[in-house]
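For reference, the structure discussed in these notes is given below.
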Amino acid sequence: MREAIDEAYKTALKARDQRRTATLRAVNAAIKDKDIANRGEGKGPLASEDILVLLQKMVKQREESLAIYTQAGRTDLATVEKEEIDILNEFLPKGLTEAEVEEAIKAAIAKTGAAGAKDMGKVIASLKADYPGRIDFGKASGKVKAALG
Numbered sequence: 001m002r003e004a005i006d007e008a009y010k011t012a013l014k015a016r017d018q019r020r021t022a023t024l025r026a027v028n029a030a031i032k033d034k035d036i037a038n039r040g041e042g043k044g045p046l047a048s049e050d051i052l053v054l055l056q057k058m059v060k061q062r063e064e065s066l067a068i069y070t071q072a073g074r075t076d077l078a079t080v081e082k083e084e085i086d087i088l089n090e091f092l093p094k095g096l097t098e099a100e101v102e103e104a105i106k107a108a109i110a111k112t113g114a115a116g117a118k119d120m121g122k123v124i125a126s127l128k129a130d131y132p133g134r135i136d137f138g139k140a141s142g143k144v145k146a147a148l149g
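Heads up: the sequence shown at position 119 corresponds to 119 in the working numbering, and the numbers run straight through without jumps.
Quick look at the structure:
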């Protein structure tokens, strides 16, 4: 994952693509910040799963900004945020559809043998292990709770 981002950054630099270069530079900076923080805690560099989480967080931040800019009528800033979201999404695995999420939840409940709301953590942990970066767990947790409830 780290190498793919570095290669895309180098390609963007050579192509003089300013938006892509700036976005990927921000990604690299965020990864290095996390690596430094981990080193202070005695951990190693970020794994690909951790980089996925970081990218998802960056996308979510930009989506929130996009909504604010759109609501305020700032189409120029909204366009910038949309372009950055598109660039970041290139490095994220394709998300599951609503129906696929429902099926994944049913499979995780069966796999873990979850019986009630107290087993929700097991189900979410199973989903995170099986579908890293492909499910929005903020939305999925409500569906898991409903399925167990």
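Every residue gets a Cβ at the ideal spot worked out from N, C-alpha and C, and that includes glycine.
(message) With distance defined between alpha-carbon atoms, name the residue in 38, 65 and 90 nearest to residue 5.
(response) Taking the sequence shown and counting its residues from 1, the one referred to as residue 5 is at position 5. Among 38, 65 and 90, the Cα nearest to that of residue 5 is on 90.
(request) Report back the beta-carbon spacing between residue 92 and residue 127 to the nearest angstrom; my notes put them in contact at under 8 angstroms. (result) The count along the sequence shown starts at 1 and reaches residue 92 at position 92. The count along the sequence shown starts at 1 and reaches residue 127 at position 127. Rounded, the Cβ-Cβ distance is 16 angstroms, inconsistent with contact.
(message) I believe residue 65 touches residue 1 by the beta-carbon criterion, under 8 angstroms. Please report the beta-carbon distance rounded to the nearest angstrom.
(response) Numbered from 1 along the sequence shown, position 65 holds the residue referred to as residue 65. Numbered from 1 along the sequence shown, position 1 holds the residue referred to as residue 1. Residue 65 to residue 1, Cβ: 24 angstroms. No contact.
(message) Can you tell me where the alpha helix (DSSP H) holding residue 60 begins and where it ends?
(response) For the purposes of this step, residue 60 is taken as the residue at position 60 of the sequence shown. Start and end: 48-72.
(request) Would you kindly report the start and end of the unbroken alpha helix (DSSP H) that includes residue 9? (result) In the sequence shown, the residue the question calls residue 9 occupies position 9. Note, residue 9: alpha helix (DSSP H), 2-15.
(message) Quick check on residue 99: does DSSP put it in helix, strand or coil?
(response) Taking the sequence shown and counting its residues from 1, one reaches residue 99 at position 99. Three-state DSSP puts residue 99 in a helix.
(message) For a quick check, are the C-beta atoms of residue 56 and residue 133 less than 8 angstroms apart?
(response) Counting from 1 along the sequence shown, the entry for residue 56 is found at position 56. Counting from 1 along the sequence shown, the entry for residue 133 is found at position 133. Yes. Within cutoff.
(request) Measure the C-alpha to C-alpha separation of residue 150 and residue 138 and round it to an integer number of angstroms. (result) An answer regarding residue 150 cannot be provided, because it is not within the stretch 1 to 149 covered by the chain.
(message) Taking 8 angstroms as the threshold (C-beta atoms), are residue 101 and residue 135 in contact?
(response) Mapped onto the sequence shown, residue 135 falls at position 135. Mapped onto the sequence shown, residue 101 falls at position 101. Yes, the pair counts as a contact, with Cβ atoms nearer than the cut-off.
(message) In this structure, how does DSSP classify residue 137 when only helix, strand and coil are distinguished?
(response) Reading the sequence shown from its first residue, position 137 is the one you call residue 137. Helix at residue 137.
(request) For residue 45, collect the residues of the same chain with a Cβ closer than 6 angstroms to its Cβ; drop the 5 residues on either side in sequence, then sort them by chain order. (result) Within the sequence shown, residue 45 is the residue found at index 45, counting from 1. Here the set comprises 35.
(message) Tell me the rounded alpha-carbon separation between residue 157 and residue 40.
(response) Shown here, the chain extends from 1 to 149; a query on residue 157 therefore has no answer.
(message) Measuring only the C-alpha atoms, how far is residue 110 from residue 104?
(response) Taking the sequence shown and counting its residues from 1, the one referred to as residue 110 is at position 110. Taking the sequence shown and counting its residues from 1, the one referred to as residue 104 is at position 104. Going by the C-alpha atoms only, they are around 10 angstroms apart.
(request) Please work out which residues of its chain come closer than 8 angstroms, Cβ to Cβ, to residue 59, disregarding the five sequence neighbours upstream and downstream, and give them in chain order. (result) As a first step, residue 59 must be located in the sequence shown, where it is residue number 59. Sequence-distant partners of residue 59 (beyond 5 residues in either direction) whose C-beta falls short of 8 angstroms from its own C-beta, in its chain, are 85, 88, 89 and 92.
(request) Identify which residue in 98, 33 and 121 has its Cα closest to the Cα of residue 108. (result) Here the question's residue 108 lines up with position 108 in the sequence shown. The option with the nearest alpha carbon to residue 108 is 121.
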